[in-house]
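J.: Quick one: this structure, given as C-alpha cells, is what I'll be asking you about.
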Amino acid sequence: MKHIIYCMGLLAICVTPTYAQDATHAPSSDQQGGLNEIVVTAQRREESLQHVPVAVTAFNADELGSARVANVRNLSGYAPNFQVTTQGLQSTPTINIRGISSGTANNAVDPKVGLYLDGVYVGRTVGAVFDLADIERVEVLRGPQGTLFGRNATAGAVSLITAPPTGEFGVKQSLSYGNDNALRIRTVLNLPSLGPLSFKLAYLHDEIDGDTKNLLAGRSIDLSRRSSSFGTLRFGDKFGGRNTDAAQFAARFSPDDGLTFDYRFDYTDLRSVGRASQLLGTLPGTAGTIHSGILGFQPITGGITNLSVRRLNAVANASSTERVEVQGHSLTATWAISDDVKLKSITAFRKMQQHPYIYDMAATGGIRFSAAQLGMLLSGNLAGIPQAPVGLNDSLFSLLTARKSKQRQFSQELQLQVTNNDYDLVMGGFYFHERAPETGIAGVFQPVTNGMVIPGQLDARFGSGTTRSTTINASLAAYGQLTYHVTDTFDLTGGLRYTIDHRRTNLYEVSGLQGGVLKPGSYKSKYKKLNYTVIGTWRPTAGIMAYGKVSTGYVSGGIMNAIPYGPESLLAFEGGLKTQLFNNRFRANIAIFHMKYKDLQTSNFVNGVVSFNNAGKANISGFEAEIDAMPTKGLTLSGSLGYSDFNYKKFVLNGVDVAATARPAYFSKWTARASMQYEAPEFANGSRPFAKIDARWRSSSKLVATPIANPIMEERATTKPYWLIDGRVGLSKIPLAGMDVSISAYGQNLLNKEYYSFGAPVTGLAAIYDRGRTYGIELSTTF
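Numbering (my numbering), first residue to last: 570 to 1352.
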C-alpha cells in the first residue's frame, strides 16, 4: 500500500508539462511514415545498425517498456537464436546464443555469453540478475566476441545501456497492478543542470506472489552441521514469487565541449523463491533404482513424491527464499581530442552477494524416509523398512543443494577511437580482477533427521558434504580493430586481441559429489590466447550492405570444485545481408553462419556425481532473419526466424565418446517471433489509441544431454514446441492537468501455456514449469 500511495502522490503533485513521449507506450516508428533509425555500439562506437557488419538485434526504451523488460531474463525469444532460462532460480539466467549456453553458475567458470552494463563487463552469471529502472537500449550480439569487448566470449554478448541525465527537469512515472498481486512502480527523475553538472535518479519496485503452493510451508532445515554459516533455513510458502527493489543514480560533468565524465551507480536487491519443481519419474542406473525403491515406500511412510506428468498446483519442495544483492559503480571519461580522435577511460567496481539458500531442484523434499530405513534399503532388508520408526520431521533428499557466494570485481579499460575518411580505428587495453568465495552444500540420498542434516557414514558412499573455495582471477588484454575504406562502397576490417588470464583457486573443503581429483590446497594456472577478426563489407547502394566475416572466440580454463578444465575456443564463419528499402518502410537483415567449436566446457550429472570437463568438438550451422515493415502509417510489423544445428563431433563422457547421440540441453533448434503494433490517428484532444501483440515460438528441446535408455522417460525429457503470446492495448498521451498520461491493459502468456524449459536429471528427472498467464493495468505519465 505504501508504494501505491507514494506513486499516486507523485502523479498528483508533479504537474509541470513537457512534450517528451511516454517511454512505455511511444510508437516505435516515425510518425511521418518511416522506420526509426537504430543506433548501436556493437563495435564500441556509435553506428547505424544497418551499417554494422555484425549480427546484432537492438531494442530501444519504447520497445523494452512495452514488453515489460527490466532485466536479461525477460528478453528470451526477442532475438533469433537467443534463449534465456533461469534454472528454476530467478537469480541465475542461463543465456543460450546459437546453441552455446552461458554456462554454470559456479564462480570458477567464465560465462560463454558476455554481459555488459554501460560498457562494463559483469563477471558472474549470478551477478547478471540486476533489474534496471531506466534502460535506454539493449543490444544482443550473436557470434564470438574475441576482439573488441572487455572479456572473451564464444557465444556472443548482451549489452545494456542506461540513459544519461538530460540536464532538464523531467519525471517519468508508471504504476501497474496485475494478477498474483503483481505490483510494479517505476520512477525516473531528471534534475535541471547546475552549470556543467546534471543528475538523474531512477527507482524500480517489482513484486509478484508465488503461483504454486508449498506443502512444506512453515517447516525448515538446519544445515549448521554442514556449515555453521548456513544455520537454519525456512521453506517458502509459495514458489515463483519475487520482490525486487532497484535504484540507479547517474551524473554527468561536462566542463568543456570536448570532455565528459559519466558516473553511474546501480543497486538491486532481489528476494525470490525458486520455481516449483516436480518429478516426472526416475532414471535408469543404480542411483535411479535406489530412488525408485524409496518412492515405492512413500504410501507407507506418509511422504509426498511430487510425481506427476501434469503440472501440479501444490508440491512439497524444500526451497527457501534466496536473496541476492548486486551493486556497481562506474566512471567513464570521454575526451574528444579532435573531430577525428576520441580517448575513453572506463573504470568500474562491482560486487554481488548471494545469501545462503536451499533450492529443491530435484523435487524430493516431501519424501519421508529415515537414515535407518535408507540403510535397510541399501542392505536389502526390505521387510524391516515398514517397521522402522520415521519421525514427523524426518525426510530424505535424492539431491540436496544449498549455496552462498560473493564476488567483487574491478575493471579498467582505456580506449582510443580514430574516425576519418580513410579508416576507422578502435584500440585499447583492458584489465579485470575478481575475488569470488563460495560455499556449496550437496548430498545424494541425504537423510534429514528431525529437520537437521547430520554428517554420517553414508557421506563417503554418495559423496555428500560441503565444498568451500575462493576463486581469484585476473585478465589483461590489448586489442585493436582497423576498418580501412578501400573504396566508397567497400571496407576491409581486421582485428586482433591478445589475452593473458591468471587464475588462482583456493580449495578449503571438497565433497565427493563434485567428482573432483584435486585435494584441498591452492592452485594456479595461466592461459594466453590471440584472437582475430577479419571482415569484408560491401555497400552497393545506400540501402543495401553485404558482409563476410571470420572471427574467433575463447573462454579461459580453470578449476571448478576440484575439477581442472581447459579453455574452449571457437572459429566462426558468417555472411550477412542488411537492407533498408522503400523509403525506409522495410528493413530486412539476414545472417548465415558456420562455427567450429573446440574443447567446449560442459557440466553433467551422472550416477550421482557431477562432472565438468572439455567435451571435445562440435560444429554449429544456421541462419537468422529479421524483418521490420511499415506498410501504412501507424502500423509496424516485425518478425524474426532463427535456426541452429548443433552437431557434436566428439563428446567424451566418463571415458566414452557419446558424440553420435549427444545433443545440447535446454536448446531449441528453431526460434521465431512475430509482432504487430498499431498506432491509431489522434483524437481531437491529442490522445492516441494503440495496440500491440507479440508472439514468440520455440521448437522442442531436451532436458538431458544424452538420450535416456527408458523411452518413456526420454519422451518426458522433451519440452514440446510452444508459443508465448503477449499483448497490450491502451490510450497514450492523454492530456490531464498539464501532463501526458497513458493507460493500458497488458497480458503475457495469454494462452496460459504450461511448459517446462528447465529440468534436473539427477536420480530422477525433475521438471520446472514457468509461470502461466499474467495480466494487469498500467498507468504512466511524463511531465
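Each residue gets a CB set at the ideal place from its N, CA and C atoms; glycine is no exception. Note that the structure is predicted; figures quoted are calculated from it, not measured.
Taking the C-alpha atoms as reference points, what is the distance between G1353 and G1063?
T.: This structure does not reach residue 1353, given that the chain is present from 570 up to 1352, and the question cannot be answered.
J.: What number of angstroms, rounded off, separates the C-alpha of I906 from the C-alpha of T781?
T.: Roughly 58 Å between the two C-alpha positions.
J.: Looking only at its chain, what residues have a beta carbon closer than 7 Å to the beta carbon of R803, apart from the 5 residues adjacent to it on each side?
T.: For R803, where only same-chain residues beyond five positions count, the Cβ hits under 7 Å are S789 and S889.
J.: For L710 versus A726, is the C-beta distance shorter than 7 Å?
T.: Taking 7 Å as the Cβ cut-off, L710 and A726 qualify as a contacting pair.
J.: So, at 7 Å on beta carbons, what are the nonlocal neighbours of V959 in its own chain, with the 5 sequence-adjacent residues on each side left out?
T.: Cβ neighbours of V959 beyond the five flanking positions: T870, R937, F938, S939 and Q942.
J.: Is it buried or exposed for R879, if we count other Cβ within 10 angstroms and need 16 for buried?
T.: So R879 ends up on the exposed side.
J.: Would you mind listing the alpha helix (DSSP H) stretches within the region 1023-1104 that are 4+ residues and don't spill past its ends, in chain order?
T.: Those alpha helix (DSSP H) runs which fall completely within the region 1023-1104 and span 4+ residues are 1027-1031.
J.: For V689, which three-state DSSP category applies?
T.: Strand.
J.: Leaving out five residues on either side along the sequence, give the residues of the same chain with a beta carbon under 6 Å from the beta carbon of R1072.
T.: Taken in chain order, the residues that qualify are N1042, S1094 and G1127.
J.: For P1330, which beta-bridge partners are listed by DSSP?
T.: According to DSSP, which records beta bridges pairwise, P1330 is partnered with L1334.
J.: So the beta strand (DSSP E) I1312 belongs to, where does it begin and stop?
T.: Taken as a continuous stretch (DSSP letters only), the beta strand (DSSP E) holding I1312 covers M1308 to Q1317.
J.: With DSSP run on the structure shown, which of helix, strand or coil describes A885?
T.: The answer is coil: DSSP assigns A885 none of H, G, I, E or B.
J.: Name, in chain order, the residues that DSSP records as bridge partners for F979.
T.: Bridge partners of F979: F918 and H1002.
J.: Please classify S1080 as buried or exposed, where buried requires at least 16 neighbouring CB atoms within 10 angstroms.
T.: S1080 should be labelled buried.
J.: Which residue comes first and which comes last in the alpha helix (DSSP H) that contains M1282?
T.: M1282 -> alpha helix (DSSP H) spans P1280 to R1285.
J.: Using three-state DSSP, classify E632 as helix, strand or coil.
T.: Three-state DSSP puts E632 in a helix.
J.: So the alpha helix (DSSP H) E858 belongs to, where does it begin and stop?
T.: The sequence as given places Thr at residue 858; Glu does not occur at that position. Unbroken alpha helix (DSSP H) run through T858: T855 to G865.
J.: Where are the beta strand (DSSP E) runs, 3 residues long or more, that stay fully inside the region 1095-1177, in chain order?
T.: Taking only runs of at least 3 residues, the beta strand (DSSP E) segments lying wholly in the region 1095-1177 are 1113-1124, 1127-1129, 1132-1134, 1137-1150, 1155-1167 and 1170-1175.
J.: For R795, which three-state DSSP category applies?
T.: It is coil, neither helix nor strand.
J.: Assuming M1199 is part of the beta strand (DSSP E), what are its boundary residues?
T.: Start and end: G1185 to T1201.
J.: Quick check on the burial criterion: 16 or more other C-beta atoms within 10 angstroms. Buried or exposed for Y690?
T.: With 16 or more Cβ atoms within 10 Å of its Cβ, Y690 is classed as buried.
J.: When DSSP labels each residue in this structure, what does Q545 get in the three-state scheme?
T.: As shown, the chain starts at 570 and ends at 1352. That puts residue 545 outside it, with no answer to give.
J.: Counting Cβ pairs, one atom from each stretch, are 3 or more of them under 8 Å apart for the region 1019-1027 and the region 1048-1058?
T.: The answer is no - the region 1048-1058 does not touch the region 1019-1027, with fewer than three Cβ pairs under 8 Å.
J.: Once DSSP output is grouped into helix, strand and coil, what is the label at I1303?
T.: Here I1303 sits in strand by DSSP.
J.: Of all the options A1243, R614 and L1204, which has the alpha carbon lying nearest to the alpha carbon of A1260?
T.: For A1260, the nearest C-alpha among the options comes from L1204.
J.: What are the residues that DSSP puts in a beta bridge with P1258?
T.: Looking at the DSSP assignment, P1258 forms a beta bridge with L1300.
J.: To the nearest angstrom, how far is the alpha carbon of Q1170 from that of Y746?
T.: Looking at the two C-alpha atoms, the distance is approximately 43 Å.
J.: Strictly by DSSP, which residues pair up with L744?
T.: In the DSSP output, where bridge partners are listed per residue, L744 has I754 and L1348.
J.: DSSP three-state call for R706: helix, strand or coil?
T.: In this structure, R706 counts as strand in the three-state DSSP scheme.
J.: To which residues of the same chain is P1276 closer than 6 Å at the C-beta, ignoring the five residues directly before and after it?
T.: Once the five neighbours on either side are set aside, the close Cβ partners of P1276 are T1230 and E1283.
J.: In three-state DSSP terms, what is S597?
T.: With a pLDDT of only 44 at S597, under the threshold of 50, the placement of this residue in the model should not be trusted, and no figure is reported.
J.: Determine the contact status of P662 and V682, defining contact as a CB-CB distance below 7 Å.
T.: Not a contact, by the Cβ cut-off of 7 Å.
J.: Leaving out the 5 sequence neighbours to the left and right, which residues in its chain are closer than 6 Å to A1194 when beta-carbon positions are compared?
T.: Same-chain partners within the cutoff: I1159 and L1210.
J.: Going by C-alpha distance, which of L1140, A1253 and F1327 is nearest P1304?
T.: It is A1253 whose Cα lies nearest to the Cα of P1304.
J.: Could you check what DSSP says for N1321 in three-state terms: helix, strand or coil?
T.: The answer is coil: DSSP assigns N1321 none of H, G, I, E or B.
J.: Which residues in the same chain have their Cβ closer than 6 Å to the Cβ of D679, if we skip the five residues on either side of it in sequence?
T.: Counting only Cβ-Cβ distances below 6 Å, and skipping sequence neighbours, we find V1124 and S1125.
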